[in-house]
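Asks: Here it is, the structure, as structure tokens.
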């Protein structure tokens, strides 16, 4: 298969004089079973051979679970199939097609180079409460705290978030509510998560705001591009948890941060 | 240098407690003055950094990925073993210990494996307390299932994403400690070398992958949790970034490297389709519970599989291993697939594939039942290959998956360099010559949560002089790191590192993979050296070391894989026996099974770095509890 690629090139995202541009490449003789990233590998090998600068992009596991890959393919985060960029295959495209490739775009995800962005903001949202404040040591016997399979399933449906940030890139507001909602749902549904239920949601929502993520206005794009198919219901849960925690007023967001 | 396993006194079940009772402590008020560096944020690294941070030590945690949560532990699917005996089958620490020793073909250290089995139950408790959503029974109790090579149900799981959920648990503990101010995470930072002062590890040199800056970090102890090295084969189930650099550079500074030839080739992976393929994807071993593995009896039979009649199908595992059949351990199942493909019976475009057929299971149990068990795996297979396993058999082929070898460590998980520890897949530790399914997660978390926090503390309790990064030892190591990076840029050729890596990987898989011969290994050594020479003649990386430069990062890692490959070959050549993942064709029984030589090789080989002429040191393995036996799954 042959394709024309229009790829975003930006040498240094920190350099204000470098605003980036698209560069056009032709690739030929591509195996339809090659993944999108393998197609880019092939292009990079050729660029090396031509002594031209290779295209920077993130990837690691290449099996859809680590969340590192982060391409916007023809305007959609991760491409046409609602799977990660690395699980997108060239057979999903039409021979001879022109394909536009960009980095995930959001205020909170500054470009590093070409197609790579900095998603550290998502780690900082987790630091603000996306955990249960237990430390290593003797723990209670798990079966002394039963969890019904229904609750476990529901928590797991949220816990499978891979933290890729496609939801942010897809959202016209650049919101991270699907990401944050997934973590709040996972932990707040489980009995272990109850003691910090309120401080968790308040801490994470405040951190989201500080990072410059937008708010949810129900476009639903996040859930539509999520490779893990996380339901937009988690945003409903996030909103409910936040309202409840705020009205209770006795919440102490600092507790989670100072516990050792 | 010390080369003593330092196994504590007492009977096996009491050794760890004896060690704990005697080890040195650091008082709570003194802990903030002690610094630890942890390299890698997978299960072992995250859990170790979080546990030390929670005790009040100051921890710096490094990963090359853009977030600690992306470490490759995330990809483990099946589950984690623990001797809890919830299923009331009479499971015990002893049974888990024995299965692990036998699974490893009697090439692991008894004292370490016993401790691993002892700690297994605590790991589950810890993970549950962190909110890891393990699968549950209707009663709300934890669910378990069985896994390859064992006869009890001791495997805990979260759907098919157990590694992901356990890692997110460890990652959340890590981020909790970041918030508490005890841990500092440096993402997109890659360790380049370890700094040794007065014979002890006192810091590291790292490269900031965004800016290209070379940084110095000092500490009182350094823990390597940087994972395994099967990317030496180029195509493997590992992540693209998985590499040997941290452990290899430590090896070059004096840490012995143990059993490098013990690598695991996993039987159920999706076969390679094209030359430009970048990785192989694992399909969970659990599929072998219901799928039947076969090839056509006639070479070159290209009829659609459904049209090949029963009599013309060769169910080779069922025929050769009637007791375990399709559930034979990984090393045995992989080698059997290679043998039938070598005989020209392989299927698929490349002839390197075998069928994994669900036709009979669907007929017996119904499509719905199979869908309930394996739905997400079937979907994943369809996504990758475009074929529907409900209609046509899957095609699978073995792929490099896990490294049992790694840095040699003593009972305290300390390398031969005092103050330098290695945990998780980075060390050689507990799996002997072959690892059983669902045991890697267990070992990583035992090392990270429950062993290294104590053994590192014991080291920190010694008096250490203040160390400054302006010490001349840092000058020297930094200069070496800079010169290595410059030499990669200076080659100025026109071929990417990927092309050389692919070429070397092909040689390694062919001659130092599932089956090895003295002659093949000698050829492999020559070929690897030739390709390494070509690499240093014609490598091309993007110019610019002080900037974000992925081609440079990659070439830097490949340069270490070349050196490791040579050591693997030496090790495979010296071990004149077959055991677990190491199969020497010269040493096999009449019916083609591995033939151990316990008289000469019941030992761990730990290699000392000496350039082209590495020096082997042997640690004799003594067995008090188990009797050496032929490992039979027939």
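Chains as they are written, first to last, in this note's numbering: chain A, 1066 to 1325; chain B, 1279 to 1912.
By construction, the Cβ of each residue, glycine as well, lies at the ideal position given by its N, Cα and C atoms.
To which residues of the same chain is residue 1843/B closer than 7 Å at the C-beta, ignoring the five residues directly before and after it?
Replies: For residue 1843/B, same chain residues with a beta-carbon under 7 Å away, outside a window of 5 residues either side, are 1510, 1782, 1786 and 1806 in chain order.
Asks: Taking residue 1071/A as the reference, give the member of 1098/A, 1095/A, 1105/A and 1096/A with the closest Cα.
Replies: 1105/A
Asks: Rounded to whole angstroms, what's the CA-CA distance from residue 1389/B to residue 1317/B? Just pull it up for me.
Replies: 26 Å
Asks: For the region 1813-1831 of chain B, list every residue whose C-beta sits within 7 Å of some C-beta in chain A, in sequence order.
Replies: Closer than 7 Å at the C-beta level to chain A, one finds these residues of the region 1813-1831 of chain B: 1818, 1820, 1826, 1828 and 1829.
Asks: Counting only beta-carbon atoms, is residue 1352/B nearer than 8 Å to chain A?
Replies: yes
Asks: I'd like to confirm the pairing. Which residues does DSSP put opposite residue 1751/B in its beta bridges?
Replies: Looking at the DSSP assignment, residue 1751/B forms no beta bridge with any residue, so it has no partner.
Asks: Roughly how far, in whole angstroms, is the beta-carbon of residue 1098/A from the beta-carbon of residue 1156/A, given that I think they are within contact range, below 8 Å?
Replies: 7 Å
Asks: Cβ closer than 7 Å: which chain B residues qualify as neighbours of residue 1084/A?
Replies: Within chain B, no residue comes near residue 1084/A; the closest Cβ sits about 17 Å away, beyond 7 Å.
Asks: Counting only Cβ pairs nearer than 7 Å, list the residues of chain B close to residue 1232/A.
Replies: Neighbours of residue 1232/A on chain B: none; closest Cβ ~15 Å, over 7 Å.
Asks: Could you check whether the Cβ of residue 1302/A sits closer than 8 Å to any Cβ belonging to chain B?
Replies: no
Asks: For residue 1435/B and residue 1356/B, which I take to be in contact (beta-carbon distance under 8 Å), what is that distance rounded to the nearest angstrom?
Replies: In this structure, residue 1435/B and residue 1356/B form a Cβ contact; the two beta carbons are roughly 7 Å apart against a cut-off of 8 Å.
Asks: Report the residue from 1654/B, 1344/B, 1471/B and 1630/B whose alpha carbon sits nearest the alpha carbon of residue 1677/B.
Replies: Of the candidates 1654/B, 1344/B, 1471/B and 1630/B, the one whose C-alpha sits nearest the C-alpha of residue 1677/B is 1630/B.
Asks: When the cut-off is 8 Å and only beta carbons count, does residue 1338/B lie next to chain A?
Replies: Not closer than 8 Å to any Cβ of chain A, the Cβ of residue 1338/B fails to qualify, so no.
Asks: Between the C-alpha atoms of residue 1611/B and residue 1640/B, what's the straight-line distance to the nearest angstrom?
Replies: 23 Å
Asks: Can you tell me whether DSSP reads residue 1073/A as helix, strand or coil?
Replies: strand
Asks: Over what stretch of residues does the beta strand (DSSP E) that includes residue 1177/A continue unbroken?
Replies: Its beta strand (DSSP E) spans residues 1176-1178.
Asks: State the beta-bridge partners of residue 1155/A as determined by DSSP.
Replies: Residue 1155/A is not bridged to any residue.
Asks: Secondary structure at residue 1525/B, three-state DSSP: helix, strand or coil?
Replies: helix
Asks: Here's the rule I'm using: 16 or more other beta-carbon atoms within 10 Å means buried, otherwise exposed. How should residue 1893/B be labelled?
Replies: exposed
Asks: In chain B, which residues lie less than 8 Å from residue 1114/A when you measure between Cβ atoms?
Replies: 1772, 1773, 1774 and 1818
Asks: Applying a beta-carbon distance threshold of less than 8 Å, which residues of chain B neighbour residue 1098/A?
Replies: 1551, 1552, 1663 and 1664
Asks: By the criterion of Cβ-Cβ separation under 7 Å, what are the contact partners of residue 1420/B in chain A?
Replies: 1207 and 1208
Asks: Using a beta-carbon distance below 8 Å, is residue 1518/B in contact with chain A?
Replies: The beta carbon of residue 1518/B falls within 8 Å of a beta carbon belonging to chain A, placing the residue at that interface.
Asks: When we look at the beta-carbon of residue 1210/A and count the other beta-carbons within 10 Å, is it buried (16 or more) or exposed?
Replies: exposed
Asks: What are the start and end residues of each continuous beta strand (DSSP E) run of 3 or more residues lying completely inside the region 1289-1356 of chain B, in chain order?
Replies: 1313-1317 and 1336-1340
Asks: Determine, using beta carbons only, whether residue 1299/B comes closer than 8 Å to chain A.
Replies: no
Asks: Determine the chain B residues that contact residue 1103/A at a beta-carbon separation under 7 Å, and present them in chain order.
Replies: 1554, 1555 and 1556
Asks: Distance check for residue 1241/A and residue 1195/A, CA to CA, integer angstroms please.
Replies: 14 Å
Asks: Tell me, please, whether the CB atom of residue 1417/B is closer than 8 Å to any CB atom in chain A?
Replies: It does; some Cβ of chain A falls within 8 Å.
Asks: For a contact meaning CB atoms closer than 7 Å, what does residue 1124/A contact in chain B?
Replies: Chain-order list of chain B residues neighbouring residue 1124/A: 1518, by C-beta distance under 7 Å.
Asks: Between residue 1467/B and the rest of its own chain, which residues show a CB-CB distance below 6 Å, the 5 nearest in sequence each way excluded?
Replies: 1340, 1484 and 1486
Asks: Starting from residue 1620/B, trace the alpha helix (DSSP H) in both directions and tell me its first and last residue.
Replies: 1608-1620
Asks: To the nearest angstrom, how far is it from the Cα of residue 1449/B to the Cα of residue 1593/B?
Replies: 43 Å
Asks: Mapping the DSSP letters down to three states, classify residue 1716/B as helix, strand or coil.
Replies: When secondary structure is reduced to three states using DSSP, residue 1716/B falls in the coil class, being assigned neither helix nor strand.
Asks: Looking only at its chain, what residues have a beta carbon closer than 7 Å to the beta carbon of residue 1739/B, apart from the 5 residues adjacent to it on each side?
Replies: 1302, 1303 and 1304
Asks: Which residues, in chain order, does the region 1256-1289 of chain A contribute to contact with chain B at a C-beta distance below 7 Å?
Replies: Answer in chain order: 1257 and 1258.
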